[in-house]
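There are 2 protein chains.
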Amino acid sequence: MHDTPDIASIAKLIGDHARATILMAMMTGRALTATELSRAAGVSKQTTSSHLSKLVDAKLVVVEQVGRHRYFRLANHDVGTVIETLVGLAHRLGVVHVDTGPTDIAMRKARVCYDHLAGDLGVLVHDSLRQQGCVRGDGRELTLTDKGERFAEEFGVDLAALENRRRPLCLACLDWSVRRPHLAGALGAELLERFFALRWAARVKGTRVVLFSAIGERALRQRFRFRESGPALAR
Amino acid sequence: MHDTPDIASIAKLIGDHARATILMAMMTGRALTATELSRAAGVSKQTTSSHLSKLVDAKLVVVEQVGRHRYFRLANHDVGTVIETLVGLAHRLGVVHVDTGPTDIAMRKARVCYDHLAGDLGVLVHDSLRQQGCVRGDGRELTLTDKGERFAEEFGVDLAALENRRRPLCLACLDWSVRRPHLAGALGAELLERFFALRWAARVKGTRVVLFSAIGERALRQRFRFRESGPALAR
DNA sequence: TGCATAGTTCCATGGTAGTCGAACCATTCA
DNA sequence: TGAATGGTTCGACTACCATGGAACTATGCA
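Encoded structure:
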């Protein structure tokens, strides 16, 4: 009992305006980049970077690296609970609006992320496969189930060839516009190849946009049916 | 961003070691004098006075004047909730402020945590209720089962009255001597009241110790039977 | 390849806030 | 009335730390 929990050091971290705003912005559950957070907090990137490293050191926040982006989010539910009770105590309401990404609608809908499909449709594919029990897994690495193997083969993917490569077959890649995972890895890349081969979609030259034809999108949505509503939200 | 609840200024107040210790000392629910608090926090009276006036200004703490004494206590239950969640988070993160001092055996055995029972016996009550299927739940919030309701009514708790309050009925509060949860929330507080009413136990004046009589402890252990291995105590 | 962007580190600066000594006021009690 | 105790105010010292400018690394894109 003389081992008093050090609530002061935690509270001190929250007790700075910039950091509090950063944490509040993360309360949406979405992962945000340092730049977005710096805008939200209204301080420079250097300052934000310093704040974020403190929050990460204290394990209040975790970070996930995707290319040159680093996505930050609350480390666990307890952190959210603390913020929540603090907000309750402050008995006021307010939501921080953060500008998330480009306004290019086509980019948001479907684009290339390295070599696989990202954007709304990429997320749809991922969610569909997960919901149908084709892939499983909590973290970044996903496992392809038996059902998933059958699905892939039916779709014309040569799994044996893919497995020969060193590359992981299935990975969850965090989408920067939707902030929810889409399918990466060897299989993710191969699926995109199939979409092109089937003439469902084509790349728009000079950009990363993937343009689906009306027929192609309909075919995609049919193949990757999504039986409703709340896709288990990324945490 | 300018209308967001100002959680930073609140957290900043808690984010100082002396003030955090003061607030923790008040978690017993007792009103304490400035001098007592200065001893608890280990700072001078002037410093304590300055801290207290800040806490009062911010309405986290209220003061009651009695003669030349001024009794300070937490302003309301929300403040206690914030501290409680912070303690929970601190433990999850494993940050404890080690303060060398005599280990008071009585405190470890049974003490008041804000307004409910903590210590070995508090943990025993929690574990018993859980093992008998009276409460369920993984996180901080627990649910009272039908069986639990019957148990509480039999024990003389007026559940209907408790449910009328805003306060959550059952919460798991992490014990910082035993590192295991005990029962908090409205029911936790009410149970402690019953223990006092039944004359099983009494508070030791001026401390947070709850002293059970031999008869009282036997009665408690009988009522909250705990089948199987004793509480695995580290240390 | 060259350019733009994301993000970090280093550093100087200025403000804020925790601390206690000393003096002061208020209450109680002998 | 004087002494003791509870508690606050004032002022000075000090340490911490949030901040952004500048320079730097790394990644992605055309």
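Chains as they are written, first to last, in our numbering: chain A, 1 to 235; chain B, 1001 to 1235.
Cβ atoms here follow ideal geometry from the backbone N, Cα and C, with glycine treated the same way.
ask   = Does the beta carbon of B:S1053 come closer than 9 Å to any beta carbon on chain A?
value = no
task = Taking A:A90 as the query, report the chain B residues whose CB atoms sit under 8 Å from its CB, ordered along the chain.
result = P1005, D1006, I1007 and I1010
key: the region 1113 to 1120 of chain B contacting the region 46 to 55 of chain A, beta-carbon criterion three pairs below 8 Å   = no
key: For B:R1019, the three-state DSSP class (helix, strand or coil)   = helix
query = If you check the beta carbons only, do B:L1220 and B:L1124 fall under 9 Å apart?
reply = yes
message = Below 8 Å on the Cβ atoms is my contact criterion, and I expect B:L1013 with B:L1060 to pass it. Report the Cβ-Cβ distance as a whole number of Å.
response = 6 Å
message = With H, G and I counted as helix, E and B as strand and the rest as coil, what does DSSP make of B:A1058?
response = coil
request  = Could you check the C-alpha separation between A:A25 and B:T1085 for me, to the nearest Å?
outcome  = 20 Å
message = Below 7 Å on C-beta distance, what does B:D1078 contact in chain A?
response = Those are G88 and L89, listed as they occur along chain A.
key: Residue span of the alpha helix (DSSP H) that contains B:V1239, given as start and end   = Not covered by the structure: residue 1239 of chain B. The range shown for chain B is 1001 to 1235.
message = Given this structure, state the Cα-to-Cα distance separating B:A1184 from B:S1038, to the nearest angstrom.
response = 28 Å
ask   = Nearest to B:L1144 by alpha carbon, out of B:G1188, B:P1181 and B:K1109?
value = Residue B:G1188 holds the alpha-carbon nearest to the alpha-carbon of B:L1144 among B:G1188, B:P1181 and B:K1109.
message = Could you check if A:S38 belongs to the surroundings of the ligand PLP, using beta carbon to heavy atom distance under 8 Å?
response = Absent from the structure shown: the ligand PLP. Ligands present: none.
ask   = Does DSSP classify B:A1201 as helix, strand or coil?
value = strand
CA-to-CA distance, B:G1137 to B:Q1131, given in whole angstroms = 12 Å
request  = Give a yes or no on whether 9 Å exceeds the smallest Cβ distance from B:I1014 to chain A.
outcome  = yes
Span of the beta strand (DSSP E), counted from its first residue to its last, around A:L117 = H116 to A118
message = Considering Cα atoms alone, identify which of B:R1070, B:R1019 and B:T1028 is closest to B:H1077.
response = B:T1028
query = With 9 Å set as the bound, which would you pick, yes or no: does the beta-carbon of B:V1082 sit closer than that to a beta-carbon of chain A?
reply = Taking Cβ atoms only, chain A reaches closer than 9 Å to B:V1082, which makes this a yes.
key: Alpha carbon of A:L211 to alpha carbon of A:F195, nearest angstrom   = 11 Å
ask   = Can a CB atom of chain B be found closer than 9 Å to the CB of A:L60?
value = Yes, contact with chain B.
ask   = So which residues of chain B does A:T33 contact, with C-beta pairs closer than 7 Å?
value = Correct list: empty, because the minimum Cβ distance to chain B is about 17 Å.
inquiry  = Per DSSP, what are the beta-bridge partners of A:H69 in this structure?
reply    = A:V66
query = Would you say A:T35 and B:A1008 are within 9 Å of each other, going by their C-beta atoms?
reply = no
inquiry  = Just to confirm my understanding: we take A:H17, look at its own chain, exclude 5 residues before and 5 after, and list those with CB closer than 6 Å. What are they?
reply    = none
query = If you compare alpha carbons, which of B:A1186, B:V1082, B:S1053 and B:A1161 is closest to B:R1070?
reply = Closest in C-alpha terms to B:R1070, from the list B:A1186, B:V1082, B:S1053 and B:A1161, comes B:S1053.
key: A:A214, buried or exposed, once every other Cβ within 10 Å from all chains shown has been counted against 16   = A residue is called buried once 16 or more other Cβ atoms fall within 10 Å of its Cβ, and A:A214, having fewer, is exposed.
key: Proximity below 9 Å, CB of A:C170 to CB of A:E141   = yes
query = For A:A219 and chain B, any beta-carbon pair shorter than 9 Å?
reply = no
request  = Can you have a look at A:R73 and say buried or exposed, based on whether 16 or more other CB atoms are within 10 angstroms of its CB?
outcome  = Result: buried.
query = Is B:A1184 helix, strand or coil when you go by DSSP?
reply = strand
request  = Would you decide whether B:D1057 is buried or exposed? Buried here means 16 or more other CB atoms lie within 10 Å of its CB.
outcome  = exposed
request  = Determine the contact status of B:A1041 and B:R1068, defining contact as a CB-CB distance below 9 Å.
outcome  = no
key: B:V1082: first and last residue of the uninterrupted alpha helix (DSSP H) it sits in   = H1077 to L1093
ask   = Under a CB-based cut-off of 9 Å, is A:T47 close to chain B?
value = no
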